[in-house]
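Asks:
Protein chains: 8
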Amino acid sequence: MRPAELRALLGQVKAGRVAPAAAARRIGAAPVERLGFATIDHHRALRTGFPEVIFAQGKTAPQVVAIARRLFARHGLVLATRVDEAARAALAAAFPRAEVHERARCVVLRRRASRGAGRGRVLVVCAGTADLPVAEEAVVTARVMGSRVELLADVGVAGLHRLLAHRHRLRDARVLVVVAGLEGALPSVVGGLVDRPLIAVPTSVGYGAHFEGLAPLLAMLNSCAAGITVVNVDNGFGAGYAAHLVNARGRS
Amino acid sequence: MRPAELRALLGQVKAGRVAPAAAARRIGAAPVERLGFATIDHHRALRTGFPEVIFAQGKTAPQVVAIARRLFARHGLVLATRVDEAARAALAAAFPRAEVHERARCVVLRRRASRGAGRGRVLVVCAGTADLPVAEEAVVTARVMGSRVELLADVGVAGLHRLLAHRHRLRDARVLVVVAGLEGALPSVVGGLVDRPLIAVPTSVGYGAHFEGLAPLLAMLNSCAAGITVVNVDNGFGAGYAAHLVNARGRS
Amino acid sequence: MRPAELRALLGQVKAGRVAPAAAARRIGAAPVERLGFATIDHHRALRTGFPEVIFAQGKTAPQVVAIARRLFARHGLVLATRVDEAARAALAAAFPRAEVHERARCVVLRRRASRGAGRGRVLVVCAGTADLPVAEEAVVTARVMGSRVELLADVGVAGLHRLLAHRHRLRDARVLVVVAGLEGALPSVVGGLVDRPLIAVPTSVGYGAHFEGLAPLLAMLNSCAAGITVVNVDNGFGAGYAAHLVNARGRS
Amino acid sequence: MRPAELRALLGQVKAGRVAPAAAARRIGAAPVERLGFATIDHHRALRTGFPEVIFAQGKTAPQVVAIARRLFARHGLVLATRVDEAARAALAAAFPRAEVHERARCVVLRRRASRGAGRGRVLVVCAGTADLPVAEEAVVTARVMGSRVELLADVGVAGLHRLLAHRHRLRDARVLVVVAGLEGALPSVVGGLVDRPLIAVPTSVGYGAHFEGLAPLLAMLNSCAAGITVVNVDNGFGAGYAAHLVNARGRS
Amino acid sequence: MRPAELRALLGQVKAGRVAPAAAARRIGAAPVERLGFATIDHHRALRTGFPEVIFAQGKTAPQVVAIARRLFARHGLVLATRVDEAARAALAAAFPRAEVHERARCVVLRRRASRGAGRGRVLVVCAGTADLPVAEEAVVTARVMGSRVELLADVGVAGLHRLLAHRHRLRDARVLVVVAGLEGALPSVVGGLVDRPLIAVPTSVGYGAHFEGLAPLLAMLNSCAAGITVVNVDNGFGAGYAAHLVNARGRS
Amino acid sequence: MRPAELRALLGQVKAGRVAPAAAARRIGAAPVERLGFATIDHHRALRTGFPEVIFAQGKTAPQVVAIARRLFARHGLVLATRVDEAARAALAAAFPRAEVHERARCVVLRRRASRGAGRGRVLVVCAGTADLPVAEEAVVTARVMGSRVELLADVGVAGLHRLLAHRHRLRDARVLVVVAGLEGALPSVVGGLVDRPLIAVPTSVGYGAHFEGLAPLLAMLNSCAAGITVVNVDNGFGAGYAAHLVNARGRS
Amino acid sequence: MRPAELRALLGQVKAGRVAPAAAARRIGAAPVERLGFATIDHHRALRTGFPEVIFAQGKTAPQVVAIARRLFARHGLVLATRVDEAARAALAAAFPRAEVHERARCVVLRRRASRGAGRGRVLVVCAGTADLPVAEEAVVTARVMGSRVELLADVGVAGLHRLLAHRHRLRDARVLVVVAGLEGALPSVVGGLVDRPLIAVPTSVGYGAHFEGLAPLLAMLNSCAAGITVVNVDNGFGAGYAAHLVNARGRS
Amino acid sequence: MRPAELRALLGQVKAGRVAPAAAARRIGAAPVERLGFATIDHHRALRTGFPEVIFAQGKTAPQVVAIARRLFARHGLVLATRVDEAARAALAAAFPRAEVHERARCVVLRRRASRGAGRGRVLVVCAGTADLPVAEEAVVTARVMGSRVELLADVGVAGLHRLLAHRHRLRDARVLVVVAGLEGALPSVVGGLVDRPLIAVPTSVGYGAHFEGLAPLLAMLNSCAAGITVVNVDNGFGAGYAAHLVNARGRS
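Protein chains in written order, with this note's numbering: chain V, 191 to 442; chain Y, 191 to 442; chain R, 191 to 442; chain S, 191 to 442; chain C, 191 to 442; chain D, 191 to 442; chain Z, 191 to 442; chain B, 191 to 442.
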């Protein structure tokens, strides 16, 4: 309950239009919906600017569909991430107009197209072809939240000129998401070229002493370039979400 | 060399005002200064909006002072972090007007006060008293870069009301830096309350299975609240730097 | 052999009713039953208040059934955990009245319903839908031992009001089991709200730098809230067992 | 604010005795005290049954004394843990009647002796002489909270008879705290002998592949004895606190 | 080439019965057999008292059979460990009298039964039913090398009396192999009861913070009982082999 | 763009044969080809002496074929590593003359045989039969680049004479690649016998506390023999590539 | 209490010479001595063949002296390991005839020289000069227990001939202790040359990715040579103790 | 003993000029010198082209001096690395003409200057000022072995132009040593620019999730640039040694 609502409610208590007991209930209550296996937080859109996102990993297909139904009914906008094949099929069956992003393993449901919420642009940069699914999760996320997003693929540091050729695009973005597996050096190099916030995403692309993303994660956390922040391994969603927050708030 | 400069130079070559060999040298050359033990990157201010910052750890006091002299002469603005006691004393002796931040282990040299570069405000939130040095490194950094910064100390999750009492301040910030040791849960709780970018900083405050910051680092990387990005353990500097980039760019 | 029994036996030796050699055998002997691949500890019920529980992981279905038969014959009460599909089917076939808990992967065999052994109530709190199987293992375990148990699902810290709405239920419990994956922050928040013993259970729900439960495990071990103890990743059984011991002994 | 207080306040709003704005302030406010470097949570005693405990590691001696003064003034009862030598001296100087526990690195300040808050007894069992400081931290903590506590020292598993000789004392306790370094096997052995809650504390006593407590921590988390819960390495305080909660609540 | 052989050879050179060049070849040559993908070390039986053992993991079934053929032809005694199902079938087809140990994943080929090579007895002790495959690998190995071996199964530390009932058997063995998963406490307890060499084998039986055997491995390396040595996780073969060396040499 | 080319271009600008804008584009541009999911770096052959190698892991079969087509058209020489079965089949279908190395999981496409580029010889030494696929990846790589390569298989340190018999071949090589799993001791032993560069390759062959190659990786990094350098676990490609660079450059 | 004693006692109960209550006390009692901070296990000499050894790490000098006094009074033979300088001085002052081994950090107290308890010889082999303190701890331990021991120093694998020159001594030992830091390859090489039990001791000699002994520990656990068992990093004591058990029991 | 020597010796045996027993001794003997605490391997210079290097860590100053004396007497050339201050002083006292490299912690003793042994040049590249001590250890090592060496300092990836300005020097080297702490990205960037062997050296410069060099070590092992090999953290010696081997052998 936002402060203004609280003050209004207390005014009504004073005026006798709301009983103290009822007011106490409302102050204590929360706009949640219970499904037994899930407690949907409809209030989140007010608090954080976007409805609850469905993290589908570890949920059954029927659970995902049930949660999606409630969220869609209330908000007209649903993003589900890490949706496995069964749940993607179930959502596509339940929502014929669902946008299914196979490679990014995301599903988007929406009543109307997002309006552009930021004045700038989010640039997602990706070191290798195998990192694309993670990069695309970032793209889908930031777009569904309302940002304009561009993708620059396969510009790893072993071929610097591929990257340097795009120096202008790097510098024109409001915020960058840089996705890399293997040794995760790309954010350090890009970070030395720009004066914008840069969100680094390590991926699990690699083998051996890569430890499924640990190597680039550590590299990014220790980057010699200032201004870099990091999200979890393969967390394209988190990077896209944070990038949109940076971009969107440029307007206020 | 920025694109406009390159085009101008090539125009001069065509006009015969600059010899090709000289142009080739200038295109290839870089505005760096060599000290033997260090190669100062004066170009960085153009590229990233702020002069090179001195990461003093592992450098001797004379090295730190020598680098500071060159940077100050050229830019009139120097930030040195992780400055040990000997180097702090050496800098204070060499620059009588140096601002020495003991607890944050930072030293600032500047010709004139920073102008406010961002339209919003950076809020640094800190879980415990022992996390303060890291939080203050973030405060000093963002301030010297030009942001307005506030600090909210000792509001750990085990006493939620301490935090909830500040809900408005949390929501009014343009960007938050949340500093926590022990289990590192504070960013998740704060992240669920706001719709702003949140930069989480794990600290080495803890013992035993804390592994000198590993526990809160992993917690923050795995946060259930969206929009959180993370920097290295005890990296207040990096968080303050990134927060300023988010805040400052609100103007363009 | 409990002390009273030992004194009685020695009295009989003195009285000549039991030969020294026979007494020596009985003092040395243990009430175990050997199956070749297993040595069943029937004495455990005397010692620890509950018959040996079958940890079915790594045992073949016939082994599980064979052990269950002996335990059921002697005690009329069997709990088997981590029972895979094959062993669940085998137990269901061998014991038509077996209670099979699919999601919790537990099977319960009992002659009569457990009597309520504790005066208080165990409250199992669960951060996300994907944590439910572990939470239910805790519920089944504490119930079969005789406690009254309630379950509160999907109340993660990113939506604090979902949790705060249940503050009374949290405070009314005799002991709490708090189950969480991802960053494992929930026990810290709940622990700051109550003055009851709280048993934290990290789960393997997460990815990347989660390391299959390591992240929440470390978080819970380093919690800033006092009074929290921790069990192994995904160990709902252990948490339910310990919670019952806390609850049950309230009566004595 | 507890529920009854909230209802009373709202009744006063209705009756016009409290203005809505004032009520809103009180509902939002929290009984905390700010020291700049610390925000003392005086409310915690209401919420969790014991005043905030000072975790002195990482705090300067003056900070520790300042916090202690405020807590003592309000509650008449202060426990400070992990107090280094300087802070122990400072507290002893500031509070002539301070109880200083050198080996356990604890300081207790209290106006009057704790009353026995539990009906049972806490038994702290300790594997080796070098584990004593941790065990004593547990003893001091549970005692200052009001429990009766006994200590059983140096009964490691390599000399089982030392332990078995105390079987009765083990079984008579309401709750056990078992402290062990090296391989951490003691909780498993004790856990197989009793039907009480058992809190295991790994210590950093060891070398080489002990990894400063990791070895016994993992051992305790994987114990084959049911009913064991674990706290952080060397966390005698946490174990003593949790043990008191188990013991104390036996009365309600 | 053993010293006596070398001296004899040199004597023949002196006597002119062997040409220097031929002698140089023999001194340099080694009694190995090359299969392209493998270089069989037939000399090992002389050097270490037992023919090369086939570690079948990572080898194809035809490779295993080919190596077995050569070893059997030369030595009449072959032990293959970690033999997967395909290679077990291939060996059984190629050697109709092969002894296939399904659970231990071993295959033994021999022309005649081993003679008892040790004067003592190897006792293999096993903590839980799920540890049996590893224990049996130890049993098969020590037996095929010629030791008398007994197996004591499912005597974990949570039911001490199961173990103590066998105190005599423990003390009568010449050397013990103790196999345990979970927390790996059994070797410490057994080691405190006997004055014989004890070889501890951690197993991967466990889950969560067990890290597939790391927990008991660390426990065993840090055991408080002296005289314990450790082999790799699940390495029943290595333990059986070492136990036989201890036992067998008792005769010389 | 190599220096000579840059100077020539600038000369043309001066002579008015190339417009400044066009020159600026060429200086900034890079000889890359964009496929949407990949940006092929054709320039690499100039820079590093060999066309871009396809690291096929994480790429779909059609992606691998598409990239191979472009590389083959331009360079007439393609090496693809870590090619799974589907992509191997797709390449074989698309390029009937493809050389498919099943065990090494490599595919080579070339218009004409490589000419010998080095004056020396690369010797690949392999500890066990199960390490062969990694060793062969090194052999294929160094050969396709133009080196003469020999393979010495299954000469582990437990049978030293197998290795010592080849002392001459070890010493005659220009550079050695030594491949070993398990404890990874072979490079230390070989390194003590030769005065040539030695590249050590740990493999994932092992189990338990091997941690999929961590054990030999650490061993090789800590070798007591000087002159050893190390590549990632199972990285036969990297070792073969580096070995060729050492060997090939002997000519210049 | 050994079985024969128990039978005798029960006979006395039957005969009325011992009251049942007294017998119960004796059966339950253990021959331990309590010092408050320590519980000395005098019974251990009966059970395991050697009095309790003082592991002095983490004990104060007065504690070490007090324990030593009791053990010496009862057994006339004391071994203390990991004795720091203060405790070594205190023991030397308290026992003028103490044998102090500075480098091995051991102190031995004994009334009379140990008699040779084994028929064979223990050979301690050491890879480098820096490993000597650990090797000497093994030497002192096995000697004080009664074995004949020899030491072979600085024979690392990078100079194989240093080792091979001692092939006879290696083969003549009854049991070998092989001590190595860095990559820990020595046990694998020695293990391939002998048919005796080999106990490997990793040391913390190294740096960087050595992780204070982890590298050689993993190497030794994964050795390709059969018959090797391992003790904790720097645990010369444990290796010497186990080696004596192997050697000593050769007589029975 | 090299093959030619062996054949000559056997010829002498045949001719009766050497007795078989004496020949057997010489074949078995090794040119080592024993100091009790060390076994000097004088043969190494023959085998590996350079006398044994003294790794001084863990050795006492007198031990280091004693070993240096023997090596100097025989070879006239000694390199000691990781020499602490005490040992540096002792060497300087014992050898007045010793070359002491403070920052690199090396000492060199030689009768005459090294002759240039390679036809090419070794280029040591260093990312930051704090990495200089490691880089200089590489420089000293390669120089004392006879290579021409250049050092390029402080050219980290966050300021790419600093590096690109030296592209020619990078390409002109015969072999590169690239030293970097923090995220260790420099070798990947340099590796993409050159076609020479590149040896990467991670340093312990960093903090937090750097884990004392683990972060750059993993990054370098996972580099996307081919042809990179890696040495241990801070192992400048090893890199310089290997670089010389690559460079020196270019002549043969």
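In this text, a Cβ means the ideal position worked out from N, Cα and C, and glycines have one as well.
On a predicted model such as this, the values are computed, not experimentally measured, just so you know.
Name the chain V residues whose beta carbon is nearer than 7 Å to that of residue 402 of chain B?
Replies: Chain V residues near residue 402 of chain B: none, gap ~11 Å exceeds 7 Å.
Asks: Considering just the uninterrupted stretch of the alpha helix (DSSP H) at residue 399 of chain B, what are its terminal residues?
Replies: Taken as a continuous stretch (DSSP letters only), residue 399 of chain B belongs to no alpha helix (DSSP H), as it is neither H nor E.
Asks: Please state the DSSP three-state secondary structure of residue 271 of chain V.
Replies: strand
Asks: Leaving out five residues on either side along the sequence, give the residues of the same chain with a beta carbon under 8 Å from the beta carbon of residue 213 of chain B.
Replies: Cβ neighbours of residue 213 of chain B beyond the five flanking positions: 199, 200, 202, 203.
Asks: Taking DSSP as the reference, what is the three-state secondary structure of residue 200 of chain D?
Replies: helix
Asks: Report back the beta-carbon spacing between residue 294 of chain Z and residue 326 of chain Z to the nearest angstrom; my notes put them in contact at under 8 Å.
Replies: 4 Å
Asks: Please report the straight-line C-alpha distance between residue 254 of chain S and residue 246 of chain S, rounded to a whole angstrom.
Replies: 6 Å
Asks: Listing by chain order, which chain R residues have their CB less than 7 Å from the CB of residue 345 of chain C?
Replies: 229
Asks: Among R/361, R/393, R/388, which residue has its Cα nearest to the Cα of residue 373 of chain R?
Replies: R/393
Asks: Is residue 397 of chain V near the ligand GDP, going by C-beta to nearest heavy atom under 7 Å?
Replies: Of the ligands one can find in the structure shown there are none, so the ligand GDP has no counterpart to examine.
Asks: May I ask which residues mark the beginning and end of the alpha helix (DSSP H) holding residue 324 of chain S?
Replies: 322-335
Asks: Evaluate the contact criterion for the segment 348-355 of chain D versus the segment 421-439 of chain Z: three or more CB pairs, one atom per stretch, below 8 Å.
Replies: no
Asks: Flag residue 316 of chain V as yes if its beta-carbon sits less than 8 Å from any beta-carbon of chain B, otherwise no.
Replies: no
Asks: May I ask you to verify whether the segment 395-415 of chain S touches the segment 404-412 of chain C, counting CB pairs closer than 8 Å and requiring at least 3?
Replies: yes
Asks: Once you ignore the five residues that flank residue 219 of chain B on each side, which residues in its own chain have a CB closer than 7 Å to its CB?
Replies: Interpretation of residue 219 of chain B is limited by its pLDDT of 46, a score under 50 that renders its predicted location unreliable; the figure taken from the coordinates is listed afterwards. Residues of the same chain with a CB within less than 7 Å of the CB of residue 219 of chain B, apart from the 5 flanking positions on each side, do not exist.
Asks: Between residue 200 of chain D and chain F, is there a C-beta pair that is closer than 8 Å?
Replies: Among the chains of the structure shown, chain F does not appear; the protein chains present are V, Y, R, S, C, D, Z and B.
Asks: Should residue 323 of chain Y go down as buried or exposed, given a rule of 16 or more other Cβ atoms within 10 Å for buried?
Replies: buried
Asks: From this set, B/319, B/401, B/257, which residue's C-alpha is nearest residue 369 of chain B's C-alpha?
Replies: B/319
Asks: Could you confirm whether any beta carbon from chain Y is found closer than 8 Å to the beta carbon of residue 385 of chain V?
Replies: yes
Asks: I'd like to know if residue 313 of chain V contacts chain D, where contact means its C-beta is closer than 8 Å to some C-beta of that chain.
Replies: no
Asks: Mapping DSSP to helix, strand and coil, what is residue 407 of chain C?
Replies: If DSSP states are grouped into helix, strand and coil, residue 407 of chain C belongs with the helices.
Asks: Is the beta carbon of residue 388 of chain Y sitting closer than 8 Å to the one on residue 380 of chain Y?
Replies: yes
Asks: Using a beta-carbon distance below 8 Å, is residue 207 of chain Z in contact with chain R?
Replies: no
Asks: Using the C-alpha atoms, what's the distance from residue 268 of chain Z back to residue 259 of chain Z?
Replies: Taking the straight line from one Cα to the other gives about 9 Å.
Asks: Checking the sheet assignment: what are the DSSP bridge partners for residue 229 of chain B?
Replies: B/224
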